[in-house]
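J.: Chains as they are written, first to last, in full-length UniProt numbering: chain W, 1 to 489; chain F, 1 to 489; chain Z, 1 to 489; chain U, 1 to 489. All residues carry an ideal CB built from backbone N, CA and C; glycine is no exception. It should be emphasised that the depicted structure is a prediction, and the values quoted were computed from it without experimental measurement.
4 protein chains.
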Amino acid sequence: MTAQMPPAHPFDDDKLREECGVFGVVGVQDAANFVALGLHALQHRGQEAGGIVSHDPEQGFNSARRFGYVRDNFTKQSLMETLPGPLAIGHVRYSTAGSKGNTAIRDVQPFFGEFSMGGAAIAHNGNITNANALRRELIERGSIFQSSSDSECIIHLMARSLQQNVPERMKDALRRVEGAFSVVAMTRTKLIGVRDPLGVRPLVIGRIGDDGYALSSETCALDIIGAEFVREVEPGEMVVIEHGHLKSHRPFEAAKSRFCVFEQVYFSRPDSILGGRSVYETRRQIGVELAREAAVDADLVCPVPDSGTPAAIGFSHESGIPYGMGIIRNQYMGRTFIEPTEQIRNMGVRLKLNVNRALIKGKRVILVDDSVVRGTTSRKIKDMLLDAGAAEVHFRIASPPTAWPCFYGVDTPDREKLLAARMSEEEMCDYLGVDSLKFISLDGLYRAAGEAEGRNNSCPQFCDACFSGEYPVRPRDMIEKGFELKAAE
Amino acid sequence: MTAQMPPAHPFDDDKLREECGVFGVVGVQDAANFVALGLHALQHRGQEAGGIVSHDPEQGFNSARRFGYVRDNFTKQSLMETLPGPLAIGHVRYSTAGSKGNTAIRDVQPFFGEFSMGGAAIAHNGNITNANALRRELIERGSIFQSSSDSECIIHLMARSLQQNVPERMKDALRRVEGAFSVVAMTRTKLIGVRDPLGVRPLVIGRIGDDGYALSSETCALDIIGAEFVREVEPGEMVVIEHGHLKSHRPFEAAKSRFCVFEQVYFSRPDSILGGRSVYETRRQIGVELAREAAVDADLVCPVPDSGTPAAIGFSHESGIPYGMGIIRNQYMGRTFIEPTEQIRNMGVRLKLNVNRALIKGKRVILVDDSVVRGTTSRKIKDMLLDAGAAEVHFRIASPPTAWPCFYGVDTPDREKLLAARMSEEEMCDYLGVDSLKFISLDGLYRAAGEAEGRNNSCPQFCDACFSGEYPVRPRDMIEKGFELKAAE
Amino acid sequence: MTAQMPPAHPFDDDKLREECGVFGVVGVQDAANFVALGLHALQHRGQEAGGIVSHDPEQGFNSARRFGYVRDNFTKQSLMETLPGPLAIGHVRYSTAGSKGNTAIRDVQPFFGEFSMGGAAIAHNGNITNANALRRELIERGSIFQSSSDSECIIHLMARSLQQNVPERMKDALRRVEGAFSVVAMTRTKLIGVRDPLGVRPLVIGRIGDDGYALSSETCALDIIGAEFVREVEPGEMVVIEHGHLKSHRPFEAAKSRFCVFEQVYFSRPDSILGGRSVYETRRQIGVELAREAAVDADLVCPVPDSGTPAAIGFSHESGIPYGMGIIRNQYMGRTFIEPTEQIRNMGVRLKLNVNRALIKGKRVILVDDSVVRGTTSRKIKDMLLDAGAAEVHFRIASPPTAWPCFYGVDTPDREKLLAARMSEEEMCDYLGVDSLKFISLDGLYRAAGEAEGRNNSCPQFCDACFSGEYPVRPRDMIEKGFELKAAE
Amino acid sequence: MTAQMPPAHPFDDDKLREECGVFGVVGVQDAANFVALGLHALQHRGQEAGGIVSHDPEQGFNSARRFGYVRDNFTKQSLMETLPGPLAIGHVRYSTAGSKGNTAIRDVQPFFGEFSMGGAAIAHNGNITNANALRRELIERGSIFQSSSDSECIIHLMARSLQQNVPERMKDALRRVEGAFSVVAMTRTKLIGVRDPLGVRPLVIGRIGDDGYALSSETCALDIIGAEFVREVEPGEMVVIEHGHLKSHRPFEAAKSRFCVFEQVYFSRPDSILGGRSVYETRRQIGVELAREAAVDADLVCPVPDSGTPAAIGFSHESGIPYGMGIIRNQYMGRTFIEPTEQIRNMGVRLKLNVNRALIKGKRVILVDDSVVRGTTSRKIKDMLLDAGAAEVHFRIASPPTAWPCFYGVDTPDREKLLAARMSEEEMCDYLGVDSLKFISLDGLYRAAGEAEGRNNSCPQFCDACFSGEYPVRPRDMIEKGFELKAAE
């Protein structure tokens, strides 16, 4: 169906991209305002579009969905007045499934369904790995899909459940779903949160005042609304909050947690707490580990801003090499350009980053970045540094080589476009044209993330499929489309 | 759910309003362009919003839905390029069912459904009188409604049909539907048209070139694209056009036609042909009949522009009293104002009409209007004429008293707001404060519409429920909501 | 300088076009609201853009200028609240001078200037025939022009006047200006109106309540605000209204009035009063004269809607041939299309007009139109009639052949594009392909306009330069650009 | 006159704000594209609006002015195509003079004037301190101002000059102007740059390819277009670039440079070079000096992002106290909200900054910020830190107390709103509620900026009026309005 937005021209497309953030609030006045703030704090998890559904006892369900930043849409009084009531959920999105780069407004969540016992809305972070099969089956049975989103399966499965209330219908639906999901849902009176059995995507619980609760992808969004962080929704848990009380359900069979390690490396905000640990501290510690694993003699440790900053601080601290801002970021960059000129299209990273020439000139520079995906940006940055007179450029990467696509809610290029899928570390070093290139080891990463013994290879503590090729949930739809799993060793 | 448009402030709200026009084309290059032109010619049937779905063998189905006039949206190259292919259907709407005056874009047709054998889109003119019951049943069985439109039932019924092709699924669906419907539908290769068994709403067939066909609510829209008028889709007929061939089906039991007589009086454009007869000529003839039935001595016959014009011409011709433009219409009026000032809100009809004072002064004026609904506009016009110095004002109305609401696709006020439901002709004359007031008789109207013998009361040739209270299809949903049918006499 | 609007694609470009309407009000609460209504009633005089300046004792001068219809902009409360105060003037425009079809917002009037004794705003209807010379001189002396409008000269001349108050500065300025002008102006307390010595463009005075005054291009705009028509501003008169009192000044030397006869034929609204006479009646009378001058045997008199209607009524009445609506106008046409498809570009008049085929078929038709400019539309209409089966088509034109461009505020094509400048009546008849073609004579037109003796050739009562080539004010700028006056006979 | 933008609700209003950036290019294809990139790199100098004027030999001058970020407007092909030619200048603005927070589009530069020898456009960074007097005089003599900007005086003075070419007219004009100005101007063939005799605002020269030149407020904007930094335009110098050649003029009497020291502290981008020195290095050195002047025992040095970062790095390095990101900035904040909800209005700095709670908890924190203006933000940040469990909070400020308003092109609050104008350092410390508060000394700042001997009090090397109250140019307009200079000591 026709797109309603011109294609985006992302200039940071050499990153993996988190696809979604979810947020819900119950038990406060004008809950939608809280959701708007929460989504603003989760904007790094999806910049393409956002939506909010609220419920008011008198005015029923209301919803608004908009392209663009939360701050440009959901701060306006005229819009927020249309979203009254003490209960609301919201979603920010960058598409993974669904029509990429070309989203229609109908692909923007939350999704809403009117059931015989009343309406329900859901917002989903993650990716359903058997969505195609489910969709075929549902269409066969007479469901009409309105979006191209995998998440829509959930609401149709709920609509067809024979259970008499929404939480039970959600259980029915989610037991049929494979993959990674953190879902926030609402009925007229209930706020509901669920994580898949492996707990791949984050979801946390906060309290507001005496009676209020919030559910959020990350703790940083609790801070902005002044909510107190209570705990994480546990892998495989469903929480149902109604009239100020939270009940915990366990709809799925017990499984061992496999939280996404890339949330630690890049996706989550540094001021969030994941698994009881500060993301900032984990990233700083990655820098420390990296300095131990891959020391090099140099004059300056520079982050590639902003995601490389905590690791660079840690690297500098551990190595004793001074930390400096060798690359300056333009604060006025957004993600997309509408109908850009040829020149803008070709500018790439120079629109966003500039070298601090006076600082770099003649120096041996250690550049700390969070990851290497296609390698295109890394090459340009290296060129900019050399052009500015750097004597040596050493790349240190705060994650292992990204050699496999993610099928659990992260936007990754096809495998053949991943530099690490095609090249060894030495080949990548040559390709990038740098004096040295080192990635942190998987064990180093696990240690930095709090696993003192490193990775338990027989039963890894995280999902690290993008590095290891070991997929904790079979990517059924992708295999159907021809994706080949890593050969058993 | 939240409206995406501020409420309209219509200033011609003292009219009944046709709710929809439909148009479809197959077998031409860039069919959507033809549909846009057709919808422009049908704009009088719905000004709130419009939509087009097209299909192209390579690019599949595409759709666009927009608020506002066809000419402001569907003339733009950038939009029309997104609607390629040789097959397209479209819809213009003013809501009857659905959220009145407050339509969300998701209420705008055509509706689209992806079935297991491929997609289909439908556009509906009319109203389903058992939509509430159908909706309840469908929700119970797990369908998720996306709009508040009665027409959405049809596509869900189709989605659940066990038939193996779209036309058969449409038959299944429409056999469950009660009320008035002229539907235009499309699959990847077929253009389909259906009228309900009574043929309440119009639908005509046209040919374009050698291989092309068009379906349209009215013939005037065939003219604009240079299509040749072939014939009407008959009441109870389904036509399926594919690869340049038209096949006729008869899915419903035979019934006697009850075409809407108000299409003759007001809705259809004067340059359309209905039932083999020019609408303009019928209206002129109404004026002739009215002059015979309700002669009065006067100096001038004036239409209330523009809908009263043909009857005024006929009245003048028959009576010999000169015809003149005593009321001038501002050509730059649209239908709605966004966030209007108090003053604009109170201006009412004066924004649209002005008295030609020099012509009116001192004259005895016969004012010919198409109908009296609430009577509010009529009073204001009378005031304007007296204020301009008219010596006498005689209202002659080109339709019988409108005493009953329409449930077949026309936007009528609740019965208690219809002047003729509350007052006799004499009381109305007093209320309006005019020197005389006469409505054409039902028989006179039937004669003007070509029924030389007048109305066949045992089996009327038209649906005239708005005048007679005789509803040819039981208005089930409305009765459920408390509407009382006319007591049997 | 860069345009802010895409070029228009007018589909009635085969008409001469009035360029402007002006309106001002003083002595009422929220004067800008009255001005908005007045401009709405004058919208036929300019559809491209509009502007209002108001003054409030506390908030000073405020202004708003917008592209598009008055009704789409100046009805919104949020905008109108920014225009407070008891004094306001406004302007609607279709450009004559200035950047054609490509207006920048800075070309939209009123123009405002801050003088040492306070600010003043002016709105101008007409055209300055020595604007180029004035502009050159003013630039030489250090004035900076902000628009491409000829009218801006007036405000710069005022800025440089040594007089100590605004009315005297206006006199100074307008004495230097040649051409046609009806100007409405305002200071903090005064509403001012002026007409050029020949009174080419209209300007009338109205009263509102006890203390209020209005100035308007036409009387129809007094009606909409409930103002009482007092009299015309006389040719060469300046009226200054302050504190409820009107003073008349005579800044120019006496001259004989030469009011634009085309205002009678086409520009002004039929419900306006010009020179003490109803425009509608004058046009109806043109039809009467035309029937006398150019009778023909036929079955039907049809107007080309809407401008030909009054003359067609008169023609029918005088000839006894029945009047009918053989051509139906689409009410949903506006003037411009943004970025139209090829197909729309080629549709021309068919987007706006459709033949009432049933009425026309087999008939000998007299088609009454107001004027023939390029002849392109007339040809298309004739084609449409023949295509619908008309037996004969006779054109009767309610104005003499338009053979000369207007330089006094009307948008006319270059002389070589005027059909009547290139062809005799017979040649035009051949070119249009009609059975006969007749224009009203100049004398017939003058008689219809109330001059019982017809045109006084030694001293014509109207400006009829577009028909006669006799220009009452030397078109200095155009002669400088190479325009050749009619050779003396 | 009416604003065209709702008022902004800036949430970083506790900063001084640079008002403008200027950029010009000549001798390249599509110069406006280069200007757009340059302005994007200068966006930190003005976020409210931007404008570009270009000249093409065939298409003459074109211009476009837009509210909002450069990247949202001047990257679109459809707009940039309207700005052809090899010569262009541009401007980004945050208003100082002119209507604050409420700019009309006509206040957006460049300003354009058509002179008798052809057009010229100017873009001005700085502030004219005798603008009111000049404006009065120009109005008295008949100039009409179109904006409320002080900069418009320059173009009117140029229009009235009797000189025969634009550079000479600029000299005439600028010799009458007092205050601070860096001006970029253009004619059809020339690119011109001028700095006031004291060189208060920056302006640099770059080369592009063989024939191209650029003028820019800062060197960082040369980097983005790949231009080579040549040198600064010197205080009191005018450069005229034509046909690939640069000529230097000296229109003003010699004076000693007084470059704005706040450009070093805050305004300029850290990757720019000012006075031959890296801004980043100067700021880092300020941190070093501050650590020496105001040491304190603590666990962590945190910047207030992003402006405090370089000084915090320097402080950490000098003091040996670890550097950490205790405050995290939301990357998706812009400057303004349109019609915000009450809640958004009250959120203040929490929309932009969040505390990294895990890092801060229990720590003694040194917080390094660039300046304290009103103190409102500093208080909120302190509250956030204490709320997160900081044990101690020590503020270290990278500039001396800001006790005087700037009249040379920086947006400062009235003097009574400056915290340092009302309180001593101790009182401020109490007011902010921190454990200690120290500002760098003036001498320390001068040393960090490269003046090894510190400030030469008899003839300071910089303009530091905002700290010292010593105004190098008499602020004539402000004194007229009642501003009182510092009493002589």
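Counting only the same chain and skipping the five closest in sequence on each side, list residues whose C-beta sits under 7 Å from that of residue 550 of chain W.
T.: Lying outside 1 to 489, the shown extent of chain W, residue 550 of chain W is not represented and no answer is given.
J.: With 16 other CB atoms within 10 Å as the buried threshold, where does W:C459 fall?
T.: Its Cβ having fewer than 16 others within 10 Å, W:C459 is exposed.
J.: Against W:Y69, what residues of chain U qualify as contacts under a CB-to-CB distance less than 7 Å, listed in chain order?
T.: Residues of chain U passing the Cβ test: Y332.
J.: Got a sec? Which residues, its chain only, sit under 8 Å from U:A295 by beta carbon, not counting five neighbours each side?
T.: S319.
J.: Beta-carbon within less than 6 Å of F:Q461's beta-carbon, same chain only, minus the 5 sequence neighbours each way: which residues are those?
T.: Excluding positions up to five away in sequence, the list reads E451.
J.: Suppose contacts are defined by Cβ-Cβ distances below 8 Å. Is F:G206 in contact with F:A227 by that definition?
T.: Result yes, Cβ atoms of F:G206 and F:A227 sit closer than 8 Å.
J.: Would you list, in chain order, the members of the segment 264 to 288 of chain U that have their beta-carbon closer than 7 Å to a beta-carbon of chain W?
T.: Answer in chain order: R269, P270, D271, I273, S278, Y280 and E281.
J.: Is the beta carbon of Z:Y266 sitting closer than 8 Å to the one on Z:D370?
T.: In contact: Z:Y266 and Z:D370 (Cβ atoms closer than 8 Å).
J.: Report yes if the C-beta distance between Z:K352 and Z:I397 is below 8 Å; otherwise report no.
T.: Cβ distance not < 8 Å, so Z:K352 and Z:I397 don't count as in contact.
J.: Against chain F, which members of the segment 194 to 222 of chain Z pass a CB distance test of less than 8 Å?
T.: Result list: C220.
J.: Using a Cβ-Cβ cut-off of less than 8 Å, give me the residues of the segment 333 to 361 of chain Z that come near chain F, in sequence order.
T.: So the close ones are M333, G334, F337, I338, E339, P340, T341, E342, Q343, I344, M347, R350, L351, N354, V355, N356, R357, A358 and L359.
J.: State yes or no: is the C-beta of U:S54 within less than 8 Å of the C-beta of U:A31?
T.: It is a contact, given that the beta carbons lie within the stated cut-off.
J.: Going by the DSSP bridge assignment, what does F:F61 pair with across the sheet?
T.: Partner(s): F:H55.
J.: Z:L174 by DSSP, collapsed to three states: which one?
T.: It is helical.
J.: Is DSSP giving F:R93 helix, strand or coil here?
T.: If DSSP states are grouped into helix, strand and coil, F:R93 belongs with the strands.
J.: Let me know if U:L418 comes out buried or exposed under the rule of 16 or more other beta-carbons within 10 Å of its beta-carbon.
T.: Its Cβ being crowded by 16 or more others within 10 Å, U:L418 is buried.
J.: Please tell me whether W:I154 has its Cβ less than 8 Å away from any Cβ of chain F.
T.: It does not: the Cβ of W:I154 has no partner Cβ on chain F nearer than 8 Å.
J.: Please determine, among W:R357, W:C466, W:A390 and W:D443, the residue with the shortest C-alpha to C-alpha distance to W:A403.
T.: The residue with the shortest Cα to Cα distance from W:A403 is W:C466.
J.: Counting along the chain, where does the beta strand (DSSP E) carrying U:H394 start and finish?
T.: From DSSP, the beta strand (DSSP E) with U:H394 extends over E392 to I397.
J.: Starting from residue 501 of chain U, find everything on chain W with Cβ-Cβ shorter than 7 Å and list it in chain order.
T.: This structure leaves residue 501 of chain U out entirely; chain U is present only between 1 and 489.
J.: Between which two residues does the alpha helix (DSSP H) harbouring W:V288 extend?
T.: Unbroken alpha helix (DSSP H) run through W:V288: V279 to E293.
J.: Short of 7 Å Cβ to Cβ, which residues in the segment 70 to 81 of chain F face chain Z?
T.: Against chain Z - using a Cβ distance shorter than 7 Å - the residues of the segment 70 to 81 of chain F are R71, T75, K76, Q77, S78 and M80.
J.: Considering only C-alpha positions, which residue in the set F:Q343, F:M478, F:L386 and F:R357 is nearest to F:Y408?
T.: Among F:Q343, F:M478, F:L386 and F:R357, the Cα nearest to that of F:Y408 is on F:M478.
J.: Given 8 Å as the limit, is there contact between the segment 100 to 119 of chain U and the segment 127 to 146 of chain Z, that is, 3 or more CB pairs closer than that?
T.: As far as the Cβ criterion goes, the segment 100 to 119 of chain U touches the segment 127 to 146 of chain Z, which means the pair count is three or higher.
J.: If we cut at 8 Å on Cβ distances, does U:G482 have a partner in chain Z?
T.: U:G482 does not count as touching chain Z.
J.: What first and last residue would you give for the beta strand (DSSP E) that runs through U:H156?
T.: Run containing U:H156: none in the beta strand (DSSP E); it sits in the alpha helix (DSSP H), E152 to R160.
J.: Measuring alpha carbon to alpha carbon, tell me which of U:I286, U:V393 and U:Q331 ends up nearest U:P310.
T.: Comparing Cα-Cα distances from U:P310 to each of U:I286, U:V393 and U:Q331, the minimum goes to U:I286.
J.: How long is the line joining the alpha carbons of Z:I122 and Z:G90, rounded to whole angstroms?
T.: If I take the Cα positions, the gap works out to 9 Å.
J.: In angstroms, rounded to a whole number, what distance separates the CA positions of U:F34 and W:A388?
T.: Each residue's alpha carbon lies about 21 Å from the other.
J.: Does DSSP classify W:L16 as helix, strand or coil?
T.: Correct three-state label for W:L16: coil.
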